[in-house]
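Undergrad: Residue numbers (my numbering): 2 to 117.
Right, I'll just put the structure down here and ask away after.
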């Protein structure tokens with residue numbers, strides 16, 4: 002878990018995805034701040050949120066985080082079979098929703114695009 006603040010914040014509890022996100026960020030010189038508890042997200046600075054939509058409480062926390070500051074956006078990832086979370090995230094206004102596989106494949110581009 003990154004202790005310094007960065008432009009990229011990841012709301013993820015799953016250790017595999019945490020490792021994947023932070024390792025990819027490190028390899029691309031993009032610091033990532035990891036938050037595991039949706040209740041602690043509100044106080045975390047950043048401008049891009051990578052959010053595990055399967056994490057309980059993640060959708061409302063992500064929407065509140067995006068709305069709390071100008072220029073913030075969120076990219077959610079979810080199990081492709083979890084149509085309920087996909088629907089709820091779309092209804093709530095999550096900017097972009099990807100399956101876990103799409104997210105993994107596009108992660109380097111997502112991280113570098115967040116710095117433009």
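Virtual Cβ for every residue (Gly too), placed ideally from N, Cα, C.
Remember, it's a predicted structure, so these values are computed and weren't measured experimentally.
I'd like to confirm the pairing. Which residues does DSSP put opposite residue 44 in its beta bridges?
TA: For residue 44, no pairing in a beta bridge is given by DSSP.
Undergrad: Looking only at DSSP bridge pairs, what is residue 49 linked to?
TA: Beta-bridge pairing links residue 49 to 9 and 74.
Undergrad: Short check: CB of residue 55 to CB of residue 83, under 8 Å?
TA: yes
Undergrad: Got a sec, what are the start and stop residues for the beta strand (DSSP E) residue 64 sits in?
TA: Careful: residue 64 lies outside any beta strand (DSSP E), inside the alpha helix (DSSP H) at 59-68.
Undergrad: Could you give the residue range of the beta strand (DSSP E) that holds residue 98?
TA: 97-100
Undergrad: Looking only at its own chain, which residues have a Cβ that is under 7 Å from the Cβ of residue 7, when we skip the five neighbours before and after it?
TA: 32, 33, 34 and 47
Undergrad: Taking the beta strand (DSSP E) that residue 35 belongs to, which residues open and close that run?
TA: Where residue 35 is concerned, the enclosing beta strand (DSSP E) stretches over 33-36.
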